[in-house]
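First comes the structure, then the notes that go with it.
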Amino acid sequence: MLEITRYVLWGSAGHAKVLASLINLRGGIVVALFDNDPQAEPALSGVPLYFGLEGLKRWADDQATPHSFRGIAAIGGARGRERVVIHQHFRDHGIQVTSLIHPSASVCGTASIGHGTQVLAHALVAADACVGEACILNHRAAADHECVLGNGVHLAPASTLCGCVEVGDNVLVGAGAVVLPRLVIGKDTIIGAGAVVTRNIPEGVVVAGNPARMVRINVSKSP
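Listed below in structure tokens is the structure:
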């Protein structure tokens, strides 16, 4: 009899429900949730919720074989840096950081996917694309041929990177946004929903519109 793969998720909100559904589809089960917000409620019925690093330590100390569990950050939005840090916390406690790929997603055999990256339903990673660690390719998002994504990138639902786009760390490409071919997006940048990016974008800014223009500095980025 095959042993069921057990997962732990950091984040107890809607994105945890999406990942739990994918994990169940893959024949796994979520056994614990973690969150930094002491006001958070359990996102999954019957799954215990622990708070902060102290909660993670307490949970890991209670497990005979923490290395037998797989962990992934269930945090969306423009919080790529947090996903990277969370994955390191999992590793520090002996938990394997895993990637998740939905069966309906299309990932070319010549593409590469980093540890802890999520490729959700109907997403596309095309030929020779390179996706970093702790990224999210949300529902129907597309990274076309030879795109390069840094760590902590989030392609929101139905967003599109045309061919040969380079995206820096911790970038959020909003829902339905399009980045035209061979452009470079600087790290810590947010591209607003529905934007059409027609030129290179510097790091640490928020852009919106068609064509996309800078609307402000991204003051929420971490140093």
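Quick note: the sequence shown uses the numbering used here, first residue -4, plus one each step.
Each residue gets a CB set at the ideal place from its N, CA and C atoms; glycine is no exception.
Original post:
Does the Cβ-Cβ distance between V157 and V168 come in under 9 angstroms?
Top reply: By one-based count along the sequence shown, residue 157 stands at place 162. By one-based count along the sequence shown, residue 168 stands at place 173. Going by the sequence as given, residue 157 is Cys instead of Val. No, they are not a contact pair.
**OP:** For the stretch 91 to 98 and the stretch 62 to 70, state whether three or more C-beta atom pairs, one from each stretch, are separated by less than 8 angstroms.
**Re:** These segments touch.
**OP:** Count the other CB atoms, across all protein chains shown, that sit within 10 Å of the CB of R53; report buried if there are 16 or more and exposed otherwise.
**Re:** The sequence position of residue 53 within the sequence shown is 58, counting from 1. So R53 counts as exposed.
Subject >> Inter-residue Cα distance where the pair is L150 and A118 >> reply: Taking the first residue of the sequence shown as position 1, residue 150 is located at position 155. Taking the first residue of the sequence shown as position 1, residue 118 is located at position 123. Straight across, the Cα-Cα distance linking L150 with A118 is about 10 angstroms.
**OP:** State the Cα-Cα distance for the pair G6 and V13, rounded to the nearest angstrom.
**Re:** As a position in the sequence shown, residue 6 is number 11, starting the count at 1. As a position in the sequence shown, residue 13 is number 18, starting the count at 1. Their backbone Cα atoms lie some 11 angstroms apart in a straight line.
Subject >> Continuous alpha helix (DSSP H) stretch holding D87: start and end >> reply: By 1-based counting over the sequence shown, the position of residue 87 is 92. It spans G75 to D87 - the alpha helix (DSSP H) in which D87 sits, taken as one unbroken run.
Original post:
For A136, which residues of its own chain have a beta-carbon under 6 angstroms away from its beta-carbon, when the five flanking residues on both sides are left out?
Top reply: Start at 1 with the first residue of the sequence shown, and residue 136 comes out as number 141. So the list reads A118, L150 and S154, once near-sequence residues are dropped.
**OP:** Report the rounded CA-to-CA distance for T112 versus T184, giving the unit in angstroms.
**Re:** Position 117 of the sequence shown holds residue 112. Position 189 of the sequence shown holds residue 184. Taking the straight line from one Cα to the other gives about 19 angstroms.
Original post:
Where does V214 land, buried or exposed, given buried means 16+ other C-beta within 10 angstroms?
Top reply: By one-based count along the sequence shown, residue 214 stands at place 219. It is exposed - the Cβ of V214 has fewer than 16 other Cβ atoms within 10 Å.
Original post:
To the nearest whole angstrom, what separates the beta carbons of A55 and H82, a pair I think is in contact under 8 angstroms?
Top reply: As a working mapping, residue 55 is identified with position 60 in the sequence shown. As a working mapping, residue 82 is identified with position 87 in the sequence shown. Rounded to whole angstroms, the Cβ separation of A55 and H82 is 14 angstroms, and the two are not in contact under 8 angstroms.
Original post:
For P218, does the three-state DSSP call read helix, strand or coil?
Top reply: Position 223 of the sequence shown, counted from the first residue, corresponds to residue 218. Caution applies to P218, whose pLDDT of 47 falls short of 50 and renders its modelled position unreliable; the value that the coordinates give is listed next. In the structure shown, P218 falls within a coil segment according to DSSP collapsed to helix, strand and coil.
**OP:** Compute the Euclidean distance between the alpha carbons of D123 and S99, then round it to the nearest angstrom.
**Re:** On the sequence shown, residue 123 is found 128 positions in, with the first residue counted as 1. On the sequence shown, residue 99 is found 104 positions in, with the first residue counted as 1. Taken atom to atom, the span from the alpha-carbon of D123 to that of S99 is near 19 angstroms.
**OP:** List the whole-angstrom C-beta distance separating G75 from A8, where the pair is believed to meet the contact cut-off of C-beta under 8 angstroms.
**Re:** The count along the sequence shown starts at 1 and reaches residue 75 at position 80. The count along the sequence shown starts at 1 and reaches residue 8 at position 13. With 8 angstroms as the limit, G75 and A8 do not qualify as a contact, their Cβ atoms being about 16 angstroms apart.
Subject >> Own chain, CB closer than 6 angstroms to C142, minus 5 neighbours either side, in chain order >> reply: Taking the first residue of the sequence shown as 1, we reach residue 142 at position 147. Cβ neighbours of C142 beyond the five flanking positions: A124, L156 and V160.
Original post:
Among the residues of its own chain, which have a CB less than 7 angstroms from the CB of N205, if the five just before and after it don't count?
Top reply: For the purposes of this step, residue 205 is identified with residue 210 of the sequence shown, where counting begins at 1. Cβ contact annotation for N205 (same chain, cutoff 7 angstroms, sequence separation greater than five): A190 and V191, in chain order.
Original post:
Cα separation between V179 and G163?
Top reply: What you label residue 179 is simply residue 184 of the sequence shown in a count that begins at 1. What you label residue 163 is simply residue 168 of the sequence shown in a count that begins at 1. When the Cα atoms are used, V179 and G163 turn out to be separated by approximately 8 angstroms.
Subject >> N- and C-terminal bounds of the beta strand (DSSP E) containing R208 >> reply: In the sequence shown, the residue the question calls residue 208 occupies position 213. First-last of the beta strand (DSSP E) with R208: R208 to I212.
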